[in-house]
Amino acid sequence: MPSRSSEDVGVERVETLANILQTPSPMAPKFGRHTTAKDVVQGMDLTNKTYLITGATSGLGQEVAITLAEAGAHVVMAIRDLNKGDLVRSHIYTNTCYRKVDIIRMDLLDLSSVVDAANEFKKNGWDLHGLILNAGAYAPNPGFNELDNLNSALQTNYLSHFFLTLLLKDVLIKSAPSRIVSLTSVMTKYLRMNQKVNATQFLEQLIETGGRGTRKYHQYAKSKLCNIMLMKKMHRDLHCHGVSTYAVDPGSFINTRIAAENYGWLRELVCLMASPFSKEVAEGAATVIFAAIHPAAETMSGKNLVNHKVKESTIHPAANNEVFQDALYSHSCAMIERVLSMRKIKGDDDDIVDFSDSKNGYLQKLIKEN
């Protein structure tokens with residue numbers, strides 16, 4: 358039998374690739390507004406997957422954690438209240454046959470706690486197939502965090518999550534294919550921000566008073582815009598390494614605990630009045646899980662998702678400005694360095710590290726590696 362030339366083999370490979378490209382892909386599942394989290398995971402086996410979820414003790418985060426665990430995933434809850442975490446874990450263990458839930462303490466209003474949480478995750482040697490940045494606060498009380506000298510909403514919703522992403526970036530790349538999911542809001546669309554400015558001027562609008570602003574509504578919406586911009590920036594940086602990123606708007610007026618601190622009964626009343634137009638918690642969590650695990654989301658990296666579909670019309674157009682994205686990334690690193698240097702937070706070896714030192718700074722090393 359005559360041997361084939363390398364040219365023949367090359368032609369055959371091209372023809373095979375062409376046939377694959379011409380083969381229709383499986384139809385995306387017909388998920389919609391009232392799809393639940395359990396609908397999304399139906400028929401999926403996640404027994405070899407690990408997901409870290411922030412804010413997993415209530416609302417959307419709890420629903421995501423329970424649903425992923427019930428599908429066999431190893432769930433790591435990064436949370437502030439360990440007692441609440443134990444209750445969620447007990448619920449999972451009581452209602453499923455799976456025993457793969459771990460708890461790491463992390464306080465998003467303490468950057469040293471974020472460092473400790475990332476270190477603990479790494480020391481366990483776990484893979485990371487999905488980083489779900491769920492925790493959030495609408496108008497936390499107090500509005501200013503004296504410990505890290507930052508606006509509480511900005512730090513809770515965005516900056517600490519940004520820091521956690523940096524610290525676990527290497528694990529995400531090593532575990533690829535992997536995904537990052539960050540929660541956003543349609544409120545970003547209605548921000549009044551001048552886009553016809555340079556990057557520095559834009560940041561002055563986005564990060565009020567260098568991250569120390571106290572306005573509640575604006576800080577919440579702007580922190581969510583930061584999340585969208587981060588996912589788009591990370592898509593540009595990490596997608597080539599097998600890491601996909603998603604901004605997810607779960608819906609408005611879902612009856613979670615996000616504004617409970619300041620609004621109490623008023624929050625309950627608003628949620629009740631809005632209930633005919635809003636989602637149940639299980640429905641709000643569905644798109645979060647879709648972005649984190651579903652094959653149909655593979656082509657949607659770097660986009661804003663609403664009801665399991667790409668929907669860029671519901672976000673502020675400035676989110677797509679790559680110059681602004683890069684400037685936000687650099688400014689966020691600078692804010693973190695300022696806090697870490699000020700507090701002289703401990704590094705991996707438990708020695709005091711001056712994070713402002715470009716030679717010894719842990720964050721500087723991360724930035725250079727990026």
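Under the working numbering, residues 358 to 727 are what the sequence shown spells out, in order.
Quick reminder that beta carbons are idealized off the backbone N, C-alpha and C, glycines included.
Neighbourhood of residue i by C-beta distance below 6 Å, restricted to the same chain and skipping five residues each side
{"i": "HIS518", "result": "LEU490"}
{"i": "TYR577", "result": "TYR495, ALA510"}
{"i": "SER539", "result": "LEU490, ASN584, MET588, ALA604"}
{"i": "PRO381", "result": "Note that PRO381 has pLDDT 39, beneath the 50 cutoff, so the model's placement of it is unreliable and the number below is only indicative. Same-chain partners within the cutoff: there are none."}
{"i": "ASP459", "result": "VAL433"}
{"i": "LYS590", "result": "GLN682, TYR686"}
Residue interval of the alpha helix (DSSP H) (run including residue i)
{"i": "GLY482", "result": "First-last for GLY482: undefined, no H or E at that position."}
{"i": "ILE564", "result": "Note, ILE564: premise wrong, no alpha helix (DSSP H); not H, not E."}
{"i": "ARG446", "result": "439-452"}
{"i": "LEU425", "result": "416-427"}
Reduced DSSP secondary structure (H/G/I, E/B, other) of residue i
{"i": "MET434", "result": "strand"}
{"i": "ARG695", "result": "helix"}
{"i": "ARG390", "result": "coil"}
{"i": "ALA639", "result": "helix"}
{"i": "ILE672", "result": "coil"}
{"i": "PRO633", "result": "Caution is warranted here: a pLDDT of 43 is assigned to PRO633, below 50, making its placement in the model unreliable, and no coordinate value can be reported."}
{"i": "THR541", "result": "coil"}
{"i": "ASP594", "result": "helix"}
Residue range of the unbroken beta strand (DSSP E) whose run includes residue i
{"i": "ARG462", "result": "458-462"}
{"i": "SER517", "result": "Note, SER517: premise wrong, no beta strand (DSSP E); alpha helix (DSSP H) at 517-531."}
{"i": "ARG549", "result": "First-last for ARG549: undefined, no H or E at that position."}
{"i": "ASP606", "result": "600-606"}
{"i": "GLY487", "result": "487-490"}
{"i": "LYS660", "result": "660-663"}
Within 8 Å, strictly: CB atoms of residue i and residue j
{"i": "SER535", "j": "VAL600", "result": "yes"}
{"i": "ASN664", "j": "GLY389", "result": "yes"}
{"i": "THR407", "j": "ASP473", "result": "no"}
{"i": "LEU403", "j": "ALA435", "result": "no"}
{"i": "LEU582", "j": "LEU563", "result": "yes"}
{"i": "GLY493", "j": "GLY608", "result": "no"}
Own chain residues within Cβ distance below 8 Å of residue i, not counting five before or after
{"i": "PRO499", "result": "SER509"}
{"i": "LEU525", "result": "LEU409, ALA475, PHE478, LYS479, LEU485, LEU488"}
Residues near residue i in its chain [Cβ-Cβ closer than 7 Å; skip 5 each side]
{"i": "GLN512", "result": "LEU465, LEU466, ASN502, ASP505"}
Checklist entry - Is it a yes or a no for the segment 644-659 touching the segment 407-425, going by three-plus beta-carbon pairs under 8 Å? => result They touch, by the three-pair rule.
Checklist entry - Counting Cβ pairs, one atom from each stretch, are 3 or more of them under 8 Å apart for the segment 444-452 and the segment 468-484? => result Taking 8 Å as the limit for Cβ pairs, the verdict is that the segment 468-484 does not touch the segment 444-452.
Next on the checklist: For the structure I just gave you, are there three or more beta carbon pairs, one from the segment 578-589 and one from the segment 545-555, closer than 8 Å?
Outcome noted: Counting C-beta pairs closer than 8 Å gives three or more between the segment 578-589 and the segment 545-555, which meets the contact rule.
Checklist entry - Would the segment 450-469 and the segment 662-682 be scored as touching if the rule is three or more Cβ pairs under 8 Å? => result Contact fails: fewer than three Cβ-Cβ distances are below 8 Å.
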